[in-house]
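S.K.: Attaching a single structure in structure tokens format; questions to follow.
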Amino acid sequence: MTKKIMIVDDDPVIRTLISDIAESAGHTVEAFEKGEDCLHSMDNALPDVLILDLQMPGMNGIDVLKQLRQNTRTAGVPVIMLSANSDSPMVLDQSVHADLYLQKPFKVAEFLSVLDKK
């Protein structure tokens with residue numbers, strides 16, 4: 013099934029890599045460098061899945077996730093949180109939770125498996 017995927021990561025290499033993998037699997041992708049831009053885009057259309065980097069300058073992944081979960085329109089958007097920090101699910105703000113966590117670097121098969129779960 014084709015999914016509309018939004019990606020938010022400040023690293024252009026990661027954005028391109030994830031976009032290429034998802035598009036090659038038949039999904040449509042919209043990628044953003046900043047969380048604010050992603051949130052504004054959701055005013056127009058919601059994604060089937062949001063892939064969100066945890067550590068970004070300015071509005072980080074937790075800040076974006078909090079705003080999503082507080083808005084009834086976006087609260088149900090499935091979120092896959094990416095982090096290079098292996099401890100990140102344990103150190104996350106306990107008031108909000110992503111649906112799935114994926115540690116960077118990841119293998120293509122692992123990423124596609126996680127994406128298929130959402």
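Note that my numbering has the sequence shown beginning at 13, numbered continuously upward. For every residue, glycine included, the Cβ atom is placed at its ideal position computed from N, Cα and C.
1. According to DSSP, which residues form a beta bridge with residue 40?
2. Counting along the chain, where does the alpha helix (DSSP H) carrying residue 51 start and finish?
3. Using a Cβ-Cβ cut-off of 7 Å (strictly less than) and excluding sequence neighbours within five positions of residue 72, which residues of its own chain qualify?
4. By Cβ distance, which residues of its chain are closer than 6 Å to residue 44, with the 5 residues on each side in sequence left out?
5. Suppose you measure from the CA of residue 30 to the CA of residue 83; what does that come to, to the nearest Å?
6. So which of 46, 56, 55 has the shortest CA-CA distance to residue 63?
7. Quick check on residue 89: buried or exposed, where buried means 16 or more other Cβ atoms within 10 Å of its Cβ?
M.R.: The relevant details are as follows:
1. Translated into the one-based positions of the sequence shown, residue 40 becomes position 28. Its beta-bridge partners are 16.
2. Indexing the sequence shown from 1 puts residue 51 at position 39. Taken as a continuous stretch (DSSP letters only), the alpha helix (DSSP H) holding residue 51 covers 47 to 53.
3. Walking along the sequence shown from the start, residue 72 turns up at place 60. 66.
4. On the sequence shown, residue 44 is found 32 positions in, with the first residue counted as 1. So the qualifying residues of the chain are 20, 50.
5. In the sequence shown, counting from the first residue as 1, residue 30 sits at position 18. In the sequence shown, counting from the first residue as 1, residue 83 sits at position 71. Going by the C-alpha atoms only, they are around 26 Å apart.
6. Taking the first residue of the sequence shown as position 1, residue 63 is located at position 51. Selected option, being the one with the closest Cα: 46.
7. Start at 1 with the first residue of the sequence shown, and residue 89 comes out as number 77. Classification for residue 89: buried.
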